[in-house]
Amino acid sequence: MQGYFNNVQATEFTIKQGWLHTGDIGYFDEGGQLFVVDRLKELIKYKGFQIYLLPRFPDAEAGEVPIAYVIRSPVSSLTEVDVQKFIEKQVEQDLAQLSEKNLA
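For reference, each letter of the sequence shown is one residue, going 1 to 104 in the UniProt record's numbering.
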């Protein structure tokens, strides 16, 4: 990567002495294999969206899938359909479809 288009500050922050700093935390084992074990910041980019993470799970298509848990009070009348409707109103279509797939 040569840098960010028309963004010198982002380029200087990300590329230092020829190395791309991704924000991933990892290590090399004795055999030279790289292991990525964590991230410096709790943000992923999903299909062009920047998302602050809740729990995340691996996904073959997207790399990682952000999820959220909804725990309702025992006396609540909230339904799964109520949650789906709320999500559809709050997020773009891609993420709404993703949430429907992951609600249980």
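Don't be surprised by glycine CBs; every beta carbon is placed ideally from N, CA and C.
These numbers come from a predicted model, not from an experiment.
(request) Identify, in the order they occur along the chain, each residue of the same chain with its Cβ nearer than 8 angstroms to the Cβ of V37, setting aside the five sequence neighbours on each side. (result) Here residue 37 refers to the residue found at position 37 of the sequence shown. The residues are I25, G26, Y27.
(request) Report the rounded CA-to-CA distance for K41 versus F13, giving the unit in angstroms. (result) Here residue 41 refers to the residue found at position 41 of the sequence shown. Here residue 13 refers to the residue found at position 13 of the sequence shown. Roughly 14 angstroms separates the two Cα atoms.
(message) Does K85 come out as helix, strand or coil in the three-state DSSP assignment?
(response) Here residue 85 refers to the residue found at position 85 when the sequence shown is read from its first residue. In this structure, K85 counts as helix in the three-state DSSP scheme.
(request) Kindly identify the DSSP beta-bridge partner or partners of Q50. (result) Here residue 50 refers to the residue found at position 50 of the sequence shown. Note: Q50 sits in a beta bridge opposite K45.
(message) So if DSSP puts I25 in a beta bridge, which residue, or which two residues, is it bridged to?
(response) By 1-based counting over the sequence shown, the position of residue 25 is 25. D38.
(request) Name, in chain order, the residues that DSSP records as bridge partners for F57. (result) Taking the first residue of the sequence shown as 1, we reach residue 57 at position 57. Note: F57 sits in a beta bridge opposite V65.
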